Amino acid sequence: DKLASFLDRDLLIINGDLPILRAESLQPLIETHFQAGNALTFVTAKMSNPYGFGRVVEVAPGKYKVIEEREASPEEKRIKLANVGIYLGRIRDLLEALPQVSNDNSKKEYYLTDLIEILSCQDKKVQPFILPESEEIVGVNDRFELAQAIRVLQRRRNREFCEKGVTLLDPDSIWIEMEVEIEPDTVIWPEVILAGRTRIGRECEIESFCLIRDSKLKNKVHVFPSSVIEGSCLDDETHVGPFTHLRPGTHLRRGSRVGNFVEMKKTDFGPGSKALHLSYLGDSKVGQRVNVGAGTITCNYDGLKKYETVIDDEVFVGSGTQLVAPVKVGRGAYIGAGSTITKNVSPEALAVARSRQIEKKGWARRKKRKKE
């Protein structure tokens, strides 16, 4: 008795390999089915290349059948109207017709599509419904078809961002994963990948060949080309790149700048501070308005454990400096270029830790004479 109450209802059947089909695309199908009082309505599409799909043939007015690709003759394969694999039918009619489905075909398989011809021959009302957008019916049966389906989803996703006020300079080349959020008035250049739970604020600019994953960019952040940002937070008005690598745990504070070939990992980089060239900062806390010279390295690993480097506000770190952690540089101190700092530096002090320069006059001339 419980099952009997369902017999006069309708059942929607969708092939399992149609992952990008939208619910709103099925609404016209549902309306057509009920308005016409059909026993079965099946979705079709006109395709320039229907290879792999069954062909829809109207054998008589209002009478249809579907010929599967492998069963079709060369002439039938030229038919452009294809069966998509979506059906809406009355449960009672479907159950009555199912026992008549046979496996009398080359593959000895039971084709659900035979229901179309069976119901047509029973003078039940069967109607094809042409789907307007055929890109939604990409079947996914191999890796190439998977790539095609992903491309459709990505194009759809990128269009949504454009409609919400995000500028995508070349939507077809920009990869934005489903959990990414972008605020209006941000500009994304071609060949950018935004992945994971990335959040991008207003008026940001992301230039080409950047990868940003699981990161938060606040407002007016500018990322120059070929930068990689992972698990990091960039506050308002920060500048990154080109060729910068920000690894997980990095936090750039407001107005800080990180430039060419700089790598940071688990570093809190203070407001207005700069590290513009060829440096590595790992496990570090950097204060505000600090200048990190080119070639600066925090030596944070002794082979067993990571150690922290602390650089207070308004410190000037000269080029080619190695800071051997654990070490702290006090507020306003200067580190001479080429220094290897192994001890804490007092506030406002000058620390120089490098070998003394020795000059031997005439040495090169004497060396040449010896060779002669």
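Numbering (the numbering used here), first residue to last: 2 to 373. From the three backbone atoms N, C-alpha and C, an ideal C-beta is built for every residue, glycine too. Since the model is a prediction, treat every value here as computed from it, not as a measurement.
Worksheet item: Using CA coordinates, which residue listed in T239, K275 and D215 is at the minimum distance from C205?
Response: Here residue 205 refers to the residue found at position 204 when the sequence shown is read from its first residue. Per the Cα distances, T239.
Worksheet item: Counting pairs of Cβ atoms below 8 Å between the region 67 to 81 and the region 130 to 146, do you hit three or more?
Response: no
Fill in: Which listed residue (L89, G250, I151 and K66) has its alpha carbon closest to that of C122
Reading the sequence shown from its first residue, position 121 is the one you call residue 122. For the residues L89, G250, I151 and K66, the minimum Cα distance to C122 belongs to K66.
Fill in: C-alpha distance - N84 paired with L27, whole-angstrom precision
As a working mapping, residue 84 is identified with position 83 in the sequence shown. As a working mapping, residue 27 is identified with position 26 in the sequence shown. Going by the C-alpha atoms only, they are around 15 Å apart.
Item to complete: Could you check if M265 is buried or exposed, using at least 16 other CB atoms within 10 Å of its CB as the buried criterion?
Response: Mapped onto the sequence shown, residue 265 falls at position 264. It is buried - the Cβ of M265 has at least 16 other Cβ atoms within 10 Å.
Practice prompt. Can you give me the start and stop residues for the beta strand (DSSP E) that D269 sits inside?
Written response: Indexing the sequence shown from 1 puts residue 269 at position 268. Segment E264 to F270, the beta strand (DSSP E) holding D269.
Practice prompt. For G283, collect the residues of the same chain with a Cβ closer than 6 Å to its Cβ; drop the 5 residues on either side in sequence, then sort them by chain order.
Written response: Your numbering for residue 283 matches position 282 in the sequence shown. For G283, where only same-chain residues beyond five positions count, the Cβ hits under 6 Å are K266, T299 and N301.
Discussion item. Is it buried or exposed, K275, if we count other Cβ atoms within 10 angstroms and call 16 or more buried?
Written reply: Here residue 275 refers to the residue found at position 274 when the sequence shown is read from its first residue. Counting Cβ neighbours within 10 Å, K275 comes out buried, since at least 16 surround it.
Practice prompt. Pull up the distance between the alpha-carbon of A350 and that of Y335, whole angstroms please.
Written response: Numbered from 1 along the sequence shown, position 349 holds the residue referred to as residue 350. Numbered from 1 along the sequence shown, position 334 holds the residue referred to as residue 335. Each residue's alpha carbon lies about 6 Å from the other.
Discussion item. Tell me which residues share the same chain as E70 and place their Cβ nearer than 6 Å to its Cβ, disregarding the 5 neighbours each side in the sequence.
Written reply: Counting from 1 along the sequence shown, the entry for residue 70 is found at position 69. So the list reads G53, once near-sequence residues are dropped.
Worksheet item: What's the gap between the Cα of L132 and the Cα of P51?
Response: Along the sequence shown, one-based indexing puts residue 132 at 131. Along the sequence shown, one-based indexing puts residue 51 at 50. Taking the straight line from one Cα to the other gives about 14 Å.
Worksheet entry | Where the beta strand (DSSP E) containing A150 begins and where it ends | Numbered from its first residue, the sequence shown carries residue 150 at position 149. Run containing A150: none in the beta strand (DSSP E); it sits in the alpha helix (DSSP H), R144 to E164.
Fill in: Residue closest to K219, alpha-carbon to alpha-carbon, out of S174, I207, T322 and P226
Along the sequence shown, read from residue 1 onward, the residue named residue 219 stands at position 218. Measuring from the Cα of K219, the nearest candidate turns out to be I207.
Worksheet item: Can you tell which of Q155, P129 and V57 has the C-alpha that lies nearest to the C-alpha of I21?
Response: Here residue 21 corresponds to residue number 20 of the sequence shown, with the count starting at 1. Comparing Cα positions, the closest option is Q155.
Discussion item. Can you look up I138 in the DSSP assignment and give me helix, strand or coil?
Written reply: By 1-based counting over the sequence shown, the position of residue 138 is 137. Reduced to three states, the DSSP call for I138 is helix.
Discussion item. So for L235, helix, strand or coil by DSSP?
Written reply: To locate residue 235, count along the sequence shown from 1; it is residue 234. In the structure shown, L235 sits in a strand (DSSP, three-state: E or B).
Worksheet item: Cβ of D186 within 9 Å of Cβ of R203?
Response: In the sequence shown, residue 186 corresponds to position 185, counting from 1. In the sequence shown, residue 203 corresponds to position 202, counting from 1. Their beta carbons are under 9 Å apart, which means D186 touches R203 by this criterion.
Worksheet item: Does the Cβ-Cβ distance between G339 and G363 come in under 9 Å?
Response: Taking the sequence shown and counting its residues from 1, the one referred to as residue 339 is at position 338. Taking the sequence shown and counting its residues from 1, the one referred to as residue 363 is at position 362. It is not a contact, given that the beta carbons lie outside the stated cut-off.
Worksheet item: CB K126 to CB L8, shorter than 9 Å?
Response: Residue 126 sits at position 125 when you count from the first residue of the sequence shown. Residue 8 sits at position 7 when you count from the first residue of the sequence shown. In this structure, L8 does not lie closer than 9 Å to K126 by Cβ.
Discussion item. Give me the residue from T251, G250, N106 and N261 with the minimum Cα distance to P243.
Written reply: Numbered from 1 along the sequence shown, position 242 holds the residue referred to as residue 243. Among T251, G250, N106 and N261, the Cα nearest to that of P243 is on N261.
Practice prompt. Compute the distance between the beta-carbons of A295 and L324, then report whether it is under 9 Å.
Written response: In the sequence shown, counting from the first residue as 1, residue 295 sits at position 294. In the sequence shown, counting from the first residue as 1, residue 324 sits at position 323. No. Outside cutoff.
Worksheet entry | Identified DSSP bridge partners for N84 | Your numbering for residue 84 matches position 83 in the sequence shown. BP columns for N84 point to T45.
Practice prompt. Determine the closest residue to D124 out of T310, R254, F270 and A61, with distance taken between C-alpha atoms.
Written response: Stepping through the sequence shown from its first residue, residue 124 is reached at position 123. Per the Cα distances, A61.
Discussion item. Taking the beta strand (DSSP E) that K221 belongs to, which residues open and close that run?
Written reply: Against the sequence shown, residue 221 aligns to sequence position 220. Counting along the chain, K221 falls outside any beta strand (DSSP E), and DSSP gives it neither H nor E.
Fill in: For F130, three-class secondary structure by DSSP
Translated into positions along the sequence shown, residue 130 becomes position 129. Note: F130 maps to strand in three-state DSSP.
Fill in: Contact belief for C211 with V188 at Cβ below 8 Å, rounded distance in angstroms
Counting from 1 along the sequence shown, the entry for residue 211 is found at position 210. Counting from 1 along the sequence shown, the entry for residue 188 is found at position 187. Not a contact, Cβ separation roughly 12 Å.
Discussion item. With a threshold of 8 Å on Cβ separation, who are the neighbours of S209 within its own chain once the five nearest residues in sequence on each side are excluded?
Written reply: Numbered from 1 along the sequence shown, position 208 holds the residue referred to as residue 209. Excluding positions up to five away in sequence, the list reads W190, P191, E192, V193, P226 and S227.
Worksheet entry | E32: first and last residue of the uninterrupted alpha helix (DSSP H) it sits in | Counting from one through the sequence shown, the residue named residue 32 turns up at place 31. Start and end: A24 to A37.
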